Structure formats: structure tokens, C-alpha cells
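Some notes on the structure that comes next.
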Amino acid sequence: MATGARAFQRSSAVETLAAILNDEPEPIDKRRPDLPAPLRWIIERCLAKSPADRYSATRDLARDLLGIRQHLGDISPPTAAAASRRVPFWSACAAVVAAGIAYALLRAPRPAGNPEFRRLTFRNGLVARALFVPRSNSILYAASWDREPLGTFLTLPEAKGADRRIDAPVQLPLAYSADGSQVLVLLGISRASLNPIGKLAWWPALGGQARLILDGASWADWARIGHFFAVVRTVGDERVLEIRDETGGAARPVFHTAGAISWVRISPDERRVAFIHHRSRFDDSGEVRIVQVDGSDSHAVSPTFESVAGLAWSGLKDEIWFTAAKESIYSTSLWTTTAGGRLQCAYSFPDYLQLQDVSGDQCLLTSETGDTKLLVRRAAAAAAELSWLGSSMVTDLSHDGKSVLFIDGTADQNSLGTWVRPLDGGEAVRVADGQFASFSPSDQEVVTTTPGRSSPAQVVLVSLGSGSARTLTTEKVVHSFPAFLGPETVLFGRAMNGRNEIWEVPSDGGSERRVVAGCDKPAGSPSGREFLCIGGERDNVLFVSPRIPGQEPVLRRVYELPSGARFVYARWSSTGQRIYLVTTLRRIVTIDAGRGSVVGDDPVSLGESIRADSLLGAALSGDAALQAFSVSHLGSQLYLFKGR
């Protein structure tokens, strides 16, 4: 408007976007040397690459423009002739812009604190991660569009879908270097989850070969001033938060847990690390914690939420922003908390949104839509859908092949729990509040866990006939994955002393007893003399052990999945001679329980009928002839949110 030319006009949209990201605009006085200096200063401030150098609020811009309009006559022009020719135009220019902005922002009434949303993506797919680009108005995000592999993109708030794809491998962006030239990424990871494990690397921000830092890494962040990493790794059965030097070496552990650690972010003063601590590696309920970089102190700064994901530090205030659901997992709120634990709910959303990053008074949020379908089939026949409330997660099939056990729920917290439904398509019946359920050998009882919202989850035995329930455990630790070992004993996973362990308890009540350490997800053989469990750094190792009362069993390593896959389900055959495994790669693997070798030439593919974005759950019965699967069809979009 002031020069008659766009600041970054190029021959194509892609070149224009690149110029906006990387180039400085042509000096204004080169085109209009007679432009009044105050107006030129305002324009140059609006075009500054660093957000900190621009106006923090459009109200301030309107005020400066009004000031120019009121005092333009006091400005000394370069020459009298130039002044006589140009001052009326500049006066009109400042007056028009100032009046427009002033009318919109200073005069128009708006509700205080009314949030502003701007949708940034529009294609069909899933946004995995998003970050503000330092010293720029652009945004980097990773997404999988139209079922294509995960890609890396650059966009601008005003781009309206004209995003620029960058040549990059499949990777999850975690943080930027100080100058924005490099991005800290997890190579090979396509979704943000509780326990992503990949190769930590620096990747050139505009494309190129990544430089490996550390293998076997999870959530991480980079200190831009102190040049160190905060990174989560698996050490034995624990998840450990470590401080490492700029080479990725010299680790100093500052926090460890048998649960999960996600969304690790270093504070602006680089003295603290905030993160989400989950009691279980398989449940996104958790609390926000802070730990000192020197490891001297660690404490929670929030209560335990039913679901919590997405966290970042605010640079404007010494506070942490995060998204979490206090009760219903189908709607979330944007929360803030301080190092002293002063918690505040900033905004509540009617849907599931996840915080990605914060810059000034704005943040990036991703929505998450979709459902989890329950599919059942016999052998290789077509699958029939038995979904109930839209989020049906299968946990077991009855031994007689007549019923399916699953977790389901809606926005109403009271509906979330364990359900039983006949395979002939009859009505589903809610039998318990908890999760991780399985049938007894007689199919007359179900063993499950309590929800664990306000206290650690306990093992509960529910009678399907009478509906009566009896709590089998009392210890104040997290219990998970209960399963029967014969009719009189219940096995379950338990997090104890930083390790995942298998414990047992009599089904008619009694004392809990430790069985073995180093794995979880137990399942008993039909004879009741052996059990299997899952372990390894990536939950990809199958162990088998004899059950010897009064003796510590020795785990026998039977089978290990290749890198990149993990077990969704593991159960014995009806004779106990074989073990059936279902993997995240949608494969059924049959193992000879005695030899530990794969039966058949290749794992069995689940086929096109089970195709989906991901396989979340499975159950097999009748020597794998009866199969149940939970598959997800997900979608998400990226939003820019202002209102804090």
C-alpha cells in the first residue's frame, strides 16, 4: 500500500513462501525515499522475522498509526516539493489503515477473553506434530495425508492450505535449534504416543540428510542456550529422563518410572524440565511434573487427569500450558500451571484437542476425530462389525466362542468401562468400570481393573451371573492386564520399584505374591503350569516360564519381533502346544511353544478386511479360528488458537 509492491512477490507460490521464510524485504526507502520515517519504521516492524520484534497486539499498531495521522504535519519532509506532492497521500494512507484497524479493534465490542481459532490444514489425514518456527511467522508440521506416509510440511497462518512439502524422511519433530536451521526429530516415528522409540537426530530445517545423535530415544527437547538435551530412554524396565550433553553422551538421570514419560519440555531459563508422568505405559492418564536439571527436586504441579497430552512452556509467563481431560476423555481443556502448582483452566473445548506448541499469546492445537471399530470374523471369512458406542477396544473372546469382551465409552463418564456382547449381535451389557479385562476358564466371571482415576488401579473379579464384584488386590500400586492361570489363580502386571513385574493372587481372595520381574501382559496356559508374558525395550519380546509354587521362575526368551513392530495380543492354543501372537503390523504369528520357532513359512496377514489407520487391539479363540480386532480410523487438523 505504501510502496505499490508486495514485500515478497515471486514468480510462483512456492518461491513466494520460501522468500517469506528466508529473505529480508527490499528496503522501503529504495522504492519510496520520500516516505515519512515513522510510517516506514512501523512497516519494517510489521515485517520483522522474529515475533518478539513485531507488534505483540494489533491494538498497539492501530495506536501508532493514529499517532502518525495526528502528527504527520510535524514531520519534516525531505524537500518542500516532495512534501507538497506526497504528504496528502501518506496522510490518507495512515488515516485509512488506522481508521480501519481502530474501528475493528478499538470500537467494535467483543466479549472479553473470547478465543480465536484459525484452521491451518484442510486435507484428509492425520497431523502428528506441529511447531512454531523460530524467528518466523511460519509453522512446521508432520502429517499423513490421504493414507500416504508421514511427510513434513511448512505453512503460514494465512496460507489457506497452500503448504510447502519438504524433502524429509518419516520423522516426528520435537524441537528447533536456536537459529531455526535444524529440527530435533525422532526418525522412523509416525505418531506422537506415550512411548515412541526411534533415532534422535538433527535434521536440516529445509531438507537434507539427518545427523544421528542417539538411538533408542523417546521424547526429548533441546536447550538452545546451554546446549544440552533432555531425553527419555528405556533402561531395563524403567523409563528414565536423562540430561545429556550436546553430543548425546554423558547421561545424568533425573527421573525414572515404571510408567511412561511424555511431552518433555525444557523451561525458558533452562533450569527445569516439565513433562507428563503416566503411571502406566498403556494409559494416557497422568500428571504434569517438574524436575530440576541437576536432579535435585521433582514434584507434581497438577492433579492426575483422566487423559493428558500436549505440553509447552509459555515464554510470556513462567507457566506451563497443557491440554487434559479431568473426567470425560472425549473433551479437553487448556490448562496452565506454575512451578508452585497454581492450576488454572484457561478454556474448555467441546472436543478432543491436543496442545502442540506455544508462542507468545497463541498456540498450536490439533483436533482428533475418528472412531475405533470392533470387527469379528471366523477364519478367513469377511469381518462383521460389532462396535457398540464408537470406541470399542477388544480385550478377550470367551472360550465357548459366543461372546466378546471389550472396553467402550462415550462423553458420559458413566458409560466408560468393560462390556460383554454376544457374537450373534445381541445387546451389549456393561459389567464393570475398569479396563484390561479377560474371561475366566468357565466364562462365568471376568477379571478386570478399577479405573484408577483417583487411586491406583486394583484387580477386580466380576460374576457375570449375579453382577457382584470382589476386589482382589489392595496394594497402592498400579495393577494391569489381569488374566487367569487356571480357575483358582489370577496373574496381573504390577509396577514395583521401577520395574514391571508379574504377580498373582488367588481368585477366591488372599495375599498377593510376586512371581517374576521383567515383563507384563501375562497369559496362563490351559494346564495352568506355564505362563507367557511380554517384555523387551519395545514390548516386542515373548517370554515363557513354568509356574512353580514357592520358586522364582526363570523366563525363557522364546521369540522377538523385528524392530518397528510390537505385540498387540498373545495367547496359548487350546492344547498349550502353540502360542498365537498378533502384531501392530497386522500379522498373526504362530509359535511352537516348546521349540520357540515359527510355525509355517510366513506370518499370516490379516488382509484388506482389517485395513485401517492402525490396529489397536486383538483377541483370538478356538485355535485362532475366531478372531476379533479393534481398528482405528483417525483424522485430525491443525489450528492456530489465540485467547490467552
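Here the numbering used here is used: position 182 in the sequence shown is 188, and no number is missing along the way. C-beta atoms are modelled at their ideal positions from N, C-alpha and C, and glycine is treated no differently. Only a predicted model underlies this, so the values are computations on that prediction, with no experimental measurement involved.
For residue i, which of the options has the nearest alpha-carbon?
i, options, result
"Gly556", "Glu510, Ile585, Pro568, Glu543", "Glu510"
"Phe355", "Glu312, Gln362, Ser373", "Ser373"
"Val437", "Gly423, Ser446, Asp430", "Gly423"
"Leu612", "Val604, Val605, Gly628, Leu587", "Leu587"
"Thr343", "Val307, Thr479, Phe311, Arg562", "Val307"
"Thr329", "Ala345, Gly292, Asp300", "Gly292"
"Gly641", "Glu32, Leu132, Arg46", "Leu132"
"Ser474", "Asp439, Tyr182, Ile272, Ala256", "Asp439"
"Glu252", "Gly232, Leu72, Ser472, Thr596", "Gly232"
"Val139", "Asn130, Leu178, Val189", "Val189"
"Ala280", "Val294, Phe288, Asp290", "Val294"
"Asp598", "Thr589, Leu591, Gln583", "Gln583"
"Val484", "Phe490, Ser472, Ala501, Gly471", "Ala501"
"Gly516", "Val522, Leu72, Leu497", "Leu497"
"Glu333", "Thr596, Gly194, Tyr358", "Tyr358"
"Val211", "Lys205, Val241, Gln177", "What sits at residue 211 in the sequence shown is Ala, not Val. That would be Gln177, whose Cα lies nearest to the Cα of Ala211."
"Ala181", "Gly541, Ala207, Asp243, Ile203", "Ala207"
"Lys323", "Val364, Gln298, Tyr353", "Val364"
"Glu433", "Gln350, Arg577, Ser409, Thr455", "Ser409"
List the whole-angstrom C-beta distance separating residue i from residue j, where the pair is believed to meet the contact cut-off of C-beta under 8 Å.
i, j, result
"Leu137", "Pro163", "Not a contact, Cβ separation roughly 14 Å."
"Ser196", "Ser150", "7 Å"
"Gly600", "Tyr565", "Rounded, the Cβ-Cβ distance is 12 Å, inconsistent with contact."
"Val550", "Leu538", "5 Å"
"Leu160", "Asp169", "7 Å"
"Pro274", "Trp327", "Contact doesn't hold; Cβ gap of about 13 Å is too wide."
"Ile145", "Leu370", "7 Å"
"Gly254", "Leu220", "4 Å"
Spatial neighbours of residue i within its chain, please: CB distance less than 6 Å, with the 5 preceding and 5 following residues excluded, ordered by chain position.
i, result
"Pro117", "Its pLDDT being 42, under 50, Pro117 is placed unreliably by the model, and the measurement read from it follows with that caveat. Cβ neighbours of Pro117 beyond the five flanking positions: none."
"Gly492", "Gly534"
"Ser469", "Glu451"
"Ser620", "Ser638"
"Ser579", "Asp629"
"Phe393", "Here residue 393 is Ser; the residue named in the question, Phe, does not match the sequence. Within the same chain, Ser393 has close Cβ partners Lys379, Leu380."
"Gly347", "Val307"
"Arg230", "Ala184"
"Val93", "Note on Val93: pLDDT 44, under 50, position unreliable in the model; no value is reported."
Who are the near neighbours of residue i in its chain, counting only those whose CB is closer than 8 Å to its CB and skipping five residues on each side?
i, result
"Leu622", "Thr378, Met399, Val574, Ser636, Val637, Ser638"
"Gly396", "Asp377, Thr378, Asp414, Thr416"
"Leu67", "Ile48, Cys52, Tyr61, Ile107"
"Asp514", "Glu494"
"Asp59", "Arg51"
"Arg562", "Phe549, Val550, Ser551, Gly602"
"Arg245", "Asn201, Ser224, Val238, Arg239, His262, Thr263, Ala264, Gly265, Ala266, Ile267, Arg287"
"Leu411", "Val400, Thr401, Asp402, Leu403, Ser404, Thr424, Trp425, Val426, Ala443, Ser444, Phe445, Val452, Ala625"
Could you pull out every residue in the same chain whose Cβ sits closer than 7 Å to the Cβ of residue i, ignoring the five residues on either side in sequence?
i, result
"Leu384", "Residue identity differs from the one stated: residue 384 is Arg in this sequence, not Leu. These residues qualify, in order along the chain: Ala631, Leu632."
"Phe128", "Gly167"
"Phe123", "Tyr645, Phe647"
"Arg258", "Glu248, Ile249, Gly301"
"Ser90", "Since pLDDT at Ser90 reaches only 40, below the 50 mark, its modelled position is unreliable, and the value read off the structure follows with that caveat. Excluding sequence neighbours, Ser90 sits near nothing in its chain."
"Gly592", "For the record, residue 592 in the displayed sequence is Arg; it is not Gly. Closer than 7 Å at Cβ, skipping near neighbours: Ser611, Leu612, Ile616, Leu621."
Please report the distance separating the alpha-carbon of residue i from that of residue j.
i, j, result
"Ile296", "Gln360", "20 Å"
"Val174", "Gly214", "Sequence inspection shows Ala at residue 174; the Val mentioned does not correspond to that position. Taking the straight line joining both Cα atoms gives about 7 Å."
"Gly458", "Leu403", "24 Å"
"Arg264", "Leu156", "The sequence shown places Ala at residue 264, rather than the Arg named in the question. One C-alpha to the other measures close to 30 Å."
"Thr480", "Ser444", "20 Å"
"Val314", "Ala331", "6 Å"
"Ala389", "Leu192", "36 Å"
"Arg75", "Ala8", "14 Å"
"Phe14", "Ala63", "23 Å"
"Pro42", "Ala25", "26 Å"
"Thr158", "Ala198", "14 Å"
"Asp35", "Pro44", "12 Å"
"Phe39", "Ala54", "The question names Phe, but residue 39 is Pro in the sequence shown. Cα to Cα, the separation comes out at about 20 Å."
"Gly10", "Ala165", "22 Å"
"Glu312", "Pro428", "29 Å"
"Asp303", "Ala223", "23 Å"
"Ala110", "Ala256", "Any reading at Ala110 must be qualified, since the residue scores a pLDDT of 43, below 50, and its modelled position is unreliable; no value is offered."
"Asp70", "Gln441", "59 Å"
"Pro559", "Gly431", "42 Å"
"Arg113", "Pro57", "Unreliable placement is indicated for Arg113, whose pLDDT of 41 sits below 50; the coordinate value is still reported in the next sentence. One C-alpha to the other measures close to 26 Å."
"Pro462", "Leu478", "13 Å"
"Arg476", "Trp209", "54 Å"
"Thr338", "Arg285", "20 Å"
Less than 8 Å between the CB of residue i and some heavy atom of the ligand NAD, yes or no?
i, result
"Asp185", "Among the components of this structure there are no ligands whatsoever, and the ligand NAD is therefore not found."
Would you be able to state if there are at least three C-beta pairs under 8 Å between the stretch 512–531 and the stretch 541–550? yes
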